[in-house]
Structure formats: structure tokens, C-alpha cells
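Below you'll find the structure, written out as C-alpha cells, and then a few comments.
2 protein chains.
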Amino acid sequence: MKKTSAKTIGRLSLYRLLLDNLRRDNGITVYSHELAAAANCSAAQVRRDLMSLDYAGSPVHGYRITDLIESIDNFLDHPQGQSVALVGVGNLGRAILSYFRGRRPKLSIVAAFDDDEHKINRVINGTWCYPMADLRKIVKEKNILVGVITVPPNAAQTVADQLIEAGVHGLLNFAPARLKAPPQVYLEDVDMTMSLEKVAYFSRLRAEE
Amino acid sequence: MKKTSAKTIGRLSLYRLLLDNLRRDNGITVYSHELAAAANCSAAQVRRDLMSLDYAGSPVHGYRITDLIESIDNFLDHPQGQSVALVGVGNLGRAILSYFRGRRPKLSIVAAFDDDEHKINRVINGTWCYPMADLRKIVKEKNILVGVITVPPNAAQTVADQLIEAGVHGLLNFAPARLKAPPQVYLEDVDMTMSLEKVAYFSRLRAEE
DNA sequence: TAATTGCTGTGAAAAAGGTAACGCTGTGCA
DNA sequence: TGCACAGCGTTACCTTTTTCACAGCAATTA
Ligand SMILES: NC(=O)c1ccc[n+]([C@@H]2O[C@H](COP(=O)([O-])OP(=O)(O)OC[C@H]3O[C@@H](n4cnc5c(N)ncnc54)[C@H](O)[C@@H]3O)[C@@H](O)[C@H]2O)c1
Ligand SMILES: NC(=O)c1ccc[n+]([C@@H]2O[C@H](COP(=O)([O-])OP(=O)(O)OC[C@H]3O[C@@H](n4cnc5c(N)ncnc54)[C@H](O)[C@@H]3O)[C@@H](O)[C@H]2O)c1
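So the sequence lines, in the order shown, correspond to chains A and B. Residues in the first sequence are numbered from -14 upward in steps of one, following our numbering. Residues in the second sequence are numbered from -14 upward in steps of one, following our numbering.
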């Protein structure tokens, strides 16, 4: 059993989204090159990624959409579902809370945390907001494995440490800071400044031609 | 003159941020291994990335922080500055407007657009929000090269087409949809669902050990 | 029935990305 | 002075990721 790369995991998640759209359009089956066109990648890439799954397509009809989605579900999702905590209910934190609300049944943000007393002990965008003092208790109680960090950068490392100490094994960090975490914690940064500057740089190159 | 990869561009942007923090802590010089530690990468990686710049460090003192920042500025930024437009002033769009407000003098969001009449023709989070009908005119007028897309997924392609038609050469897309764009337009997706699912997947793996 | 077609799964090749190693250089110290 | 050192720039190497290419297969057609 070979382990699957982070890039493939990301694309599988993308394929699932695209397949869901195709299904809505009353599609029954799909070929690798169709999925590739939708995902902006090559057909070979799609087929290679799908090798991680235990589902095989038919050379004649391609992949059955519902079966493929189910197979990706089985592969990506925890059977009993996974709970996520979000720390820092500011502008971005609230946007994210509303965005992930009810999006995936097997992966939902079940608790929010903040240190601002105006925000705690009430529901914000559909999610209860707890004080930081309760973090450890709630993470344990709800068996939370993933933490989303949307606090200011100077508070990010402290919050990360608290989450890790409470038992989280994955962090999604939106603060513009590089966090330290032990190897048993998977860390992913979403760096919007970097993304925008990349786009700016290459758009300038393209425009100059 | 070899061209620089997107990954290196991203890391240069990150180094600049980290260097800024170091400068605030009254640092004068920095070694590649120090910057590497801050960026969670290897010293060789840092040195290699910096080869794109025309600034060379001293083997004895390392890199002078201010000079290195200046050199990255020269490399990444447009000398006259670059303007960005944001389309879709919803939860996420507003968060982004406030976040990028005054962050980088050479790269600022100078106009927002929406098709909701309650949002247009007024200032939102410091930025004037125009109706979609003005998009073409304003993009030309302000010489906007980059568009940020924060509209619902079903509207994303239409908005992208409008931006491209207006003359934009780079798109930063936050909608969960894969957009089509001609090769002279650089396209970058920020896919939060994908990121969160990746973290969820690997956190489960780590937790099982 | 036999040849043709178009797509899958997968080994092999190629490309991209990252790491290690080495020569070089200025500095501090015996 | 001359030698050991620490870190830079760069090349060569290694790993990961992507693409290419082709056997195999079921439906279709002559
Ligand atoms: N707004 C954006 O679009 C955007 C984009 C990219 C990155 N970010 C980053 O995301 C983070 C949040 O951005 P924002 O715009 O929502 O900021 P914000 O100031 O609106 O929200 C920050 C929230 O974190 C809470 N907080 C602060 N310190 C805390 C602590 N120690 N423990 C718990 N909660 C704490 C605050 O009470 C506040 O509710 C920042 O690091 C920002 O740089 C934001
Ligand atoms: N909120 C989040 O944290 C989050 C996270 C990831 C992705 N996204 C994606 O970002 C996008 C925006 O999310 P949101 O939560 O801000 O949604 P939202 O509904 O709050 O905002 C969407 C905005 O786009 C405007 N709009 C709709 N159609 C338009 C059109 N054709 N032209 C111009 N403007 C139009 C609406 O008037 C509204 O102001 C969505 O695609 C969403 O899936 C959001």
C-alpha cells in the first residue's frame, strides 16, 4: 500500500467537487479527459490520481460518477466524520464559519473560540463561540482533530501551541506567520498575500508580452 | 536570464514578510539558515531562491536585511505600483478588502465591484464599490492588471470573462470552480475546501500513529 | 468473425523541484 | 603571517511529480 501525496489528495478533493457538479447536470458517466478538462489538468494526471482509490473505471464507459464520488468519499472522509475547531472569530473567521456551514457532512466546524468577551458565549454564524479557557476541554470532548487559525499573526503561534496541546493533529493557518509544530501535526498555510503577489508578478510578465 | 518559478516567487514573498519581522526586532543582518528556520525550509533552498535576485550576501555577515528587502521589492514589485480590482463584496470579499488595506504600498485593491444595488456606489471597508457596468471603464482608467474573484461559483466564470475582456492579465479566484482563461492570463485558485480536506486527511493519518 | 475504435491502468521516461557538497572569500586568532 | 572557520554562490545529484506510451479490453463495425 503506497501512500498518497498531498497534491493527489488535494486533486481528489477537487475531482469530488467537479463530479458533484457533473452529477447535477444529470451526468451518469465521465471520461478521464472530461474530468481533466474540468480540473485544468491532464487526463493522465486524473487516471494516475484515481489509482489511489480502489475503484476502477471501464475502458468503454469511463467512470460512473456516483460510484466515483462514493469511492473518493470512502478514501478521504473519516467514516464517523471529523470535527474542526476555528480560533479567531474576526472578519475572516466569520466568513469561513459561514462558508463551511453544512458544506460537507463528514467535516464540519463544530466549535469556535475567541478571547474577546464580546464574541464568546454565543452563536456566531451558526457556530457556538467559546472562551479560550474552554479550548482544551471542548477539543477533548468533541474529539476535534483539526484546528483552523484565524487570529492575528502575533497570536498565531500561541494558539497553535494551545491547539496542539489539546490534542489536535492538523492545523490550517491563515495568519501570515510560519508556525512551528511537531512532526505528528500536519500544518498547512493559506497565504493570501503570497498568492496575490504571485498573481501580480506573473500578470505583469504576461502583460509585457 | 533564466525565468523564476512560481514556487520561488511565492517563497520570495514569504521571505520579505519574515525579513520585515526580523527588521522590526532590530536585526541588521541575517544568515540563510536563520531565514530558512523562519520559513520552515532548508538553507540551500533560501540561497537558491535568492539567486534570482541581483543581490549577493557576504559569506561572513550573511545578508543585510534592509538591502535584501529592497532587492526583493525591486524584483517582485512594479516600480510604479500595481492596481487590483475585487469583484464580489460578500463575506469573504469584505474580509479581503480590509486585510489588504494599506498592506503593501505597491499593490493595492483600488476598486471593488458587485451586482447588488445595496452595495454599489459607496465605500465598503475603505474601497469604493462600483456597479458591474463600470468594470470595463474603471479597469482601463486605473490600469488594473489583477482581478480578485469572490463571487458565488456559478458567477465566477462570467466575472472572469468580464475581467479578462477588460484587460486584466492575472486572476486570483476564491470561488470553488475551475475557471477557463487564455494563456496570456495567469490564473491562481485559492481553494479552502481543498486545503481543509487535505489537513483533515493527514491529521487523521497522524493521529492514527 | 475479424478488424477497428477509444478508453483504462500502469511501467518507463521526462521534467520539476529540492538537497547536498564544494570551491571561494573575508575574518579572527594563534 | 598563516591557518581554521563559517557561510555564500553554484553545480551536480537525488527525489518527487508529471507526462508519455502502450498493452489490454469491451463494444462496434465491416
Ligand atoms: N481578513 C482577511 O481576508 C485575511 C486574509 C488573509 C489572512 N488573514 C489573517 O487572518 C487572521 C485574521 O484576520 P481578520 O481580518 O479576521 O482579523 P480580525 O482582527 O478581524 O480577527 C481576529 C480575531 O482573533 C481574535 N483573537 C485575537 N487574539 C486572540 C487570541 N490570542 N486568542 C483567541 N482569539 C484571539 C480577536 O478577538 C478577533 O476576533 C489574521 O492573522 C490575518 O492576517 C486575514
Ligand atoms: N466565505 C468564505 O470564507 C469563503 C471561503 C472559500 C471560498 N469562498 C467562496 O468565495 C465566494 C464568495 O463567498 P462569500 O461567502 O463572500 O459569499 P457572499 O454571498 O457573501 O458574497 C458574494 C458576493 O458576490 C456578489 N455577486 C454575486 N453574483 C455576482 C455577479 N454576477 N457579479 C458581481 N457580483 C456578484 C453578491 O452580491 C455578493 O456580494 C464564493 O464563491 C464562495 O464559495 C468563500
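C-beta atoms are modelled at their ideal positions from N, C-alpha and C, and glycine is treated no differently.
Ligand 2 has no heavy atom closer than 7 Å to the beta-carbon of V69(A). Per DSSP, the continuous beta strand (DSSP E) segment holding Q67(A) begins and ends at Q67 to V72. Looking at the DSSP output, R121(A) shares a beta bridge with no other residue.
For the stretch 102 to 149 of chain B, the continuous beta strand (DSSP E) assignments of 3+ residues that do not extend past its boundaries occur at 107 to 109, 112 to 116 and 129 to 134, in sequence order.
Remark: the C-beta of T143(B) is in contact range of ligand 2, defined as less than 7 Å to any heavy atom. At least 8 Å separates the beta-carbon of S27(B) from that of H154(A).
With 16 or more other Cβ atoms from the protein chains shown falling within 10 Å of its own Cβ, T112(B) counts as buried. DSSP links S43(B) through a beta bridge to G47(B). Listed by position along chain B, the residues whose Cβ is nearer than 9 Å to that of F187(A) are A(-9), I(-6), H154, G155, Y171 and E173. With a threshold of 7 Å, the Cβ atom of P138(B) counts as near ligand 2, since some heavy atom of the ligand is closer than that. Taking 8 Å as the CB threshold, H103(B) stays off the interface with chain A. Counting along the chain, I94(B) sits inside the beta strand (DSSP E) bounded by residues L92 to D99. Cβ-Cβ distances below 6 Å link L92(B) to Q67 in the same chain, with the five nearest sequence neighbours on each side left out; the list follows chain order. Residue I81(A) holds the alpha-carbon nearest to the alpha-carbon of L157(A) among H46(A), A118(A), I81(A) and I57(A). The three-state reading of DSSP puts T14(A) in strand, counting E and B together. As the crow flies, the alpha-carbon of D176(B) is around 22 Å from that of R86(B).
A distance criterion of 7 Å places the beta-carbon of Y84(B) in contact range of ligand 1, judged by its closest non-hydrogen atom. Taking 8 Å as the threshold, the shortest C-beta distance from Q67(A) to chain B falls below it. Contacts between H63(A) and chain B, judged by CB atoms closer than 7 Å, involve R189 in chain order.
Contact annotation: in the stretch 15 to 36 of chain A, residues whose CB is within less than 8 Å of a CB in chain B are A23, A24 and N25.
At least 8 Å separates the beta-carbon of I54(A) from that of I13(A).
With a 10 Å radius around the Cβ and a threshold of 16 neighbouring Cβ atoms, R79(B) comes out buried.
Closer than 8 Å to the CB of D176(B) there is at least one CB belonging to chain A. Ranking A185(B), A160(B), I94(B) and L181(B) by CA distance to the CA of D174(B) puts A160(B) first. The C-beta of V72(B) has 16 or more other C-beta atoms within 10 Å across all chains shown, which makes the residue buried. When the beta-carbon positions are compared, T(-7)(A) and G75(A) stay at least 8 Å from each other.
Collapsing the DSSP output to three states places L38(A) in coil.
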